[in-house]
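> Residue numbers (our numbering), protein chains in the order written: chain P, 22 to 357; chain B, 22 to 357. We put the beta carbon where it would ideally sit given N, CA and C, even for glycine. These figures come from a predicted structure and were not determined experimentally.
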DNA sequence: ATGAAAGCGCTAACAT
DNA sequence: ATGTTAGCGCTTTCAT
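1) How about residue 194(B) and residue 230(B): do their beta carbons lie closer than 8 Å?
2) Taking the straight line between their C-alpha atoms, what separation do you get for residue 268(P) and residue 312(P)?
3) For a quick check, are the C-beta atoms of residue 323(P) and residue 109(P) less than 8 Å apart?
4) Determine the burial state of residue 287(P): buried for a count of at least 16 other Cβ atoms within 10 Å of its Cβ, exposed for fewer.
5) Could you tell me which chain P residues have their CB closer than 9 Å to the CB of residue 70(B), listed as they occur along the chain?
6) Please report the straight-line C-alpha distance between residue 45(B) and residue 159(P), rounded to a whole angstrom.
7) Measuring straight from C-alpha to C-alpha, what distance separates residue 256(P) and residue 292(B)?
8) Within 10 angstroms of its Cβ, does residue 86(B) collect 16 or more other Cβ (buried), or is it exposed?
9) Tell me residue 312(B)'s beta-bridge partners as DSSP assigns them.
10) What's the gap between the Cα of residue 310(P) and the Cα of residue 67(B)?
11) Where does residue 198(P) fall in DSSP's three states?
12) Looking at residue 277(P): is its Cβ nearer than 8 Å to the Cβ of residue 207(P)?
13) Could you give the DSSP three-state label for residue 87(B): helix, strand or coil?
14) Mapping DSSP to helix, strand and coil, what is residue 207(P)?
15) Say whether the stretch 141-149 of chain B touches the stretch 118-132 of chain B, bearing in mind that this needs 3 or more beta-carbon pairs closer than 8 Å, one atom from each stretch.
16) Could you give the residue range of the beta strand (DSSP E) that holds residue 175(P)?
17) What distance in whole Å lies between the Cβ atoms of residue 188(B) and residue 295(B), which are believed to be in contact at a cut-off of 8 Å?
18) Go through its chain and collect everything with a Cβ distance to residue 301(P)'s Cβ below 7 Å, but skip five positions before and after it.
19) List, in order along the chain, the chain B residues whose C-beta lies closer than 7 Å to that of residue 163(P)?
20) Classify residue 177(B): buried if its beta carbon has 16 or more other beta carbons within 10 angstroms, exposed otherwise.
21) For chain P, check one thing: does any of its Cβ atoms lie closer than 8 Å to the Cβ of residue 135(B)?
22) For the stretch 243-259 of chain P against the stretch 217-230 of chain P, do three or more pairs of beta-carbon atoms, one drawn from each stretch, fall closer than 8 Å, so that the two count as touching?
23) For the stretch 99-117 of chain B, which residues have a CB atom closer than 9 Å to at least one CB atom of chain P, in sequence order?
24) Determine the chain P residues that contact residue 120(B) at a beta-carbon separation under 9 Å, and present them in chain order.
25) Quick one: give me the first and last residue of the alpha helix (DSSP H) that residue 105(P) is part of.
26) For residue 121(B), which residues of its own chain have a beta-carbon under 6 Å away from its beta-carbon, when the five flanking residues on both sides are left out?
27) How about residue 183(P) and residue 340(P): do their beta carbons lie closer than 8 Å?
28) I'd like to know if residue 297(B) contacts chain P, where contact means its C-beta is closer than 8 Å to some C-beta of that chain.
29) So for residue 56(P), helix, strand or coil by DSSP?
30) Could you name the residues of chain P that residue 321(B) contacts, counting a contact when the two beta carbons are closer than 8 Å?
31) With a 10 Å radius around its C-beta and 16 neighbouring C-beta atoms as the bar for buried, classify residue 38(B) as buried or exposed.
32) Quickly, what does DSSP pair residue 292(P) with across the bridge? List them, please.
33) Per the DSSP calculation, residue 120(P) is bridged to which residue(s)?
34) Can you give the Cα-Cα distance for residue 365(P) and residue 357(B), rounded to whole angstroms?
35) So is residue 136(B) buried or exposed if we call it buried at 16+ other beta carbons inside 10 Å?
36) In angstroms with no decimal places, state the Cα-to-Cα distance between residue 33(B) and residue 319(P).
What follows is the structure, encoded as structure tokens:
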């Protein structure tokens, strides 16, 4: 029942422990005859090296693992990030520990603590918490740390983010080019950095167009599809409703689509969403979005982490990944 | 730079190594004064127990990790499974190693080999390969092994699958109840067990309705959205086309939706898909599907694995998770 | 080319 | 209540 050890292999092959170690690690200074004998024993015992024991004694003490803190492994954005990082890690023979923290900052700390106990070589974090000073010791200890989607707060660390401000601005000018002058904003809680950035982009967009900021058509703190749908309904039923809306997040866009459909306004009120949604092109009208590129973000984050792991200790970098406006129909409805 | 060890803590606190171990592991027989001293030292050194070293010596040699082989962490089905398993694992303080194998059987073996080297306590596998005899030593060594979505081949192991046959049958009888007598089948490669099962359900459904099996309106081996779209287009443009189609997989359903839209037949040809798709309710018509329950599948798989880990060594079980037909519109278009 | 001894960070088993 | 010794499975170091 107990898995075979190197000792077992050595005994069966009639060689010393170190010789088996040499064969397993493909070191030189083993004669072909000896190697063959050892390999036969390995096969016979179905031996597999215990990486944990191996790494314990190794110089450098690397575990060939990295920890990945995501919002939720099952949401499309997180899992696209995950996949991109997995692919990079695989090239280096590195395994991933992942965990979902559901925007819960306690869970973020708990996860990172667990990763630390497992001696991960580095950390990629989509942060939930708003104060990362607790990671100072970690950082000082030399553990590479890359933040994704949102920057670290109160900690100077590498980050990879989308161009949220620029993307929102682009959405605004796109809608304006179709004649819209009253453009509603629907966003998430402003404690979330990306939500705040997108609102800032909206404001800048208004300013660039010489338009006033009208608080009545700006709604934030929308945390679910239903809440978003209700907010959109209210906005459009009020007196002097906006002729276009900018929905600053995935679920909010979906909520807005439901609301517009119910009000029968889907071909009348223009809509641009931030973040692409599945099947957006099959909807009627197809949904215009500012799309992020989670695969590129994950790739950039992994590249950065591995550069750090390879010894790069230049000052923290902040990579901003471009977003793309994909015009599909809903954002090209002209103002009436 | 080197992380603090238990030794360091013991030295700083002026106690023996074992006392620190007792405090860290919350064992009894430590006076409050001593405990406080040790805890202060832990805080000052920012010490964190090295789990790998700890587990190396522990009785039972458990690593508190499980390995999860998925088709692709970024696809919705896989990631929903992943999340369900993560939640169960978290309750037990178990971490997950995950990997995507993209339907590549070599990659499946490679991943499982890596997991084995890391001494995972158990394995949950969505299999890509068609012969699992290579896992016999693993199984004999007592490593719990649960297959999900598709059963093991040539290996008697626990499995959790959807009711693919029954679901397909239900789709057939649903379409028949709206008058359809010529129902096309569009499916994936039959090497994939689920695809074969769904075709079998289709055949049974036909038989139950007293309908003939017409090879001309059955297409299999459709491996992408585009290929599926083309197949649907061909089917519907041919002489004597089916009045309804059953698309036996996610991407095929999406391909069919594109094709129907392009042909202008979306309100004429009935469609039932296997596996739910995002935003199916916002499409026009909304898409009727036979929905799997990946969260339930993952939960059941995790429960099974942990039962095995807790010592249950009864014969392998094959849990079948029910599927649900969700009527939304496309499947209720009557035959003309 | 090969192996014996020491030790990685920790827990088990046994003192005291 | 606390400490000491051995040893988990492996690599390092140093010998032969």
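Let me lay it out:
1) Your numbering for residue 194(B) matches position 173 in the second chain. Your numbering for residue 230(B) matches position 209 in the second chain. Cβ distance < 8 Å, so residue 194(B) and residue 230(B) count as in contact.
2) In the first chain, residue 268(P) corresponds to position 247, counting from 1. In the first chain, residue 312(P) corresponds to position 291, counting from 1. Approximately 12 Å, taken between the alpha carbons.
3) Taking the first residue of the first chain as 1, we reach residue 323(P) at position 302. Taking the first residue of the first chain as 1, we reach residue 109(P) at position 88. Yes. Within cutoff.
4) Position 266 of the first chain holds residue 287(P). Residue environment: residue 287(P) is assigned as buried (16 or more neighbouring CB atoms within 10 Å of its CB, all protein chains considered).
5) Here residue 70(B) refers to the residue found at position 49 when the second chain is read from its first residue. Those are 138, listed as they occur along chain P.
6) The count along the second chain starts at 1 and reaches residue 45(B) at position 24. The count along the first chain starts at 1 and reaches residue 159(P) at position 138. Rounded to the nearest angstrom, the two C-alpha atoms are 20 Å apart.
7) Mapped onto the first chain, residue 256(P) falls at position 235. Mapped onto the second chain, residue 292(B) falls at position 271. For the pair residue 256(P) and residue 292(B), the Cα-to-Cα distance works out to about 36 Å.
8) Residue numbering aside, residue 86(B) sits at position 65 when the second chain is read from its first letter. That one is buried.
9) For the purposes of this step, residue 312(B) is taken as the residue at position 291 of the second chain. Answer by DSSP bridge pairing, in chain order: 345(B).
10) Within the first chain, numbered from 1, the residue matching residue 310(P) stands at position 289. Within the second chain, numbered from 1, the residue matching residue 67(B) stands at position 46. Residue 310(P) and residue 67(B) have their C-alpha atoms spaced approximately 46 Å apart.
11) The sequence position of residue 198(P) within the first chain is 177, counting from 1. Coil at residue 198(P), not helix or strand.
12) Here residue 277(P) is taken as the residue at index 256 of the first chain, counted from 1. Here residue 207(P) is taken as the residue at index 186 of the first chain, counted from 1. In this structure, residue 207(P) lies closer than 8 Å to residue 277(P) by Cβ.
13) Here residue 87(B) is taken as the residue at index 66 of the second chain, counted from 1. Look at residue 87(B) here: in three-state DSSP terms it is strand.
14) Taking the first residue of the first chain as 1, we reach residue 207(P) at position 186. If DSSP states are grouped into helix, strand and coil, residue 207(P) belongs with the strands.
15) Yes, the stretch 141-149 of chain B is in contact with the stretch 118-132 of chain B.
16) By one-based count along the first chain, residue 175(P) stands at place 154. Neither: residue 175(P) is in no beta strand (DSSP E) and is coded neither H nor E.
17) As a working mapping, residue 295(B) is identified with position 274 in the second chain. As a working mapping, residue 188(B) is identified with position 167 in the second chain. The beta-carbon distance between residue 295(B) and residue 188(B), rounded to whole angstroms, is 6 Å. This is short enough to meet the 8 Å contact definition.
18) Looking up residue 301(P) in the first chain gives position 280. Taken in chain order, the residues that qualify are 307, 308, 310 and 349.
19) Against the first chain, residue 163(P) aligns to sequence position 142. In chain order: 22.
20) The count along the second chain starts at 1 and reaches residue 177(B) at position 156. Exposed, by the Cβ-count rule.
21) Within the second chain, the letter at position 114 stands for residue 135(B). Residue 135(B) counts as touching chain P.
22) With the cut-off at 8 Å, the stretch 243-259 of chain P and the stretch 217-230 of chain P do not touch.
23) So the close ones are 99, 100, 101, 102, 103, 104, 105, 107, 108, 111, 114, 116 and 117.
24) Looking up residue 120(B) in the second chain gives position 99. Result: 107, 111, 116 and 117.
25) Taking the first chain and counting its residues from 1, the one referred to as residue 105(P) is at position 84. Looking at the DSSP string, the run of the alpha helix (DSSP H) that includes residue 105(P) is 97-112.
26) By one-based count along the second chain, residue 121(B) stands at place 100. Within the same chain, residue 121(B) has close Cβ partners 91, 93 and 94.
27) As a working note, residue 183(P) is residue 162 in the first chain. As a working note, residue 340(P) is residue 319 in the first chain. In this structure, residue 340(P) does not lie closer than 8 Å to residue 183(P) by Cβ.
28) Numbered from 1 along the second chain, position 276 holds the residue referred to as residue 297(B). No, its Cβ sits nowhere closer than 8 Å to a Cβ of chain P.
29) On the first chain, position 35 is the one that residue 56(P) refers to. Of the three classes helix, strand and coil, the one that applies to residue 56(P) here is helix, per DSSP.
30) Taking the second chain and counting its residues from 1, the one referred to as residue 321(B) is at position 300. Those do not exist, as residue 321(B) stays about 17 Å from chain P at its closest Cβ, beyond 8 Å.
31) Here residue 38(B) refers to the residue found at position 17 when the second chain is read from its first residue. So residue 38(B) counts as exposed.
32) The count along the first chain starts at 1 and reaches residue 292(P) at position 271. For residue 292(P), which the question treats as bridged, DSSP gives the partners 266(P).
33) Taking the first residue of the first chain as position 1, residue 120(P) is located at position 99. Answer is 90(P), bridged to residue 120(P).
34) Outside the modelled stretch of chain P, which goes from 22 to 357, sits residue 365(P), for which no answer is possible.
35) Your numbering for residue 136(B) matches position 115 in the second chain. Buried, since its Cβ has 16 or more Cβ neighbours within 10 Å.
36) On the second chain, residue 33(B) is found 12 positions in, with the first residue counted as 1. On the first chain, residue 319(P) is found 298 positions in, with the first residue counted as 1. Taking the straight line joining both Cα atoms gives about 41 Å.
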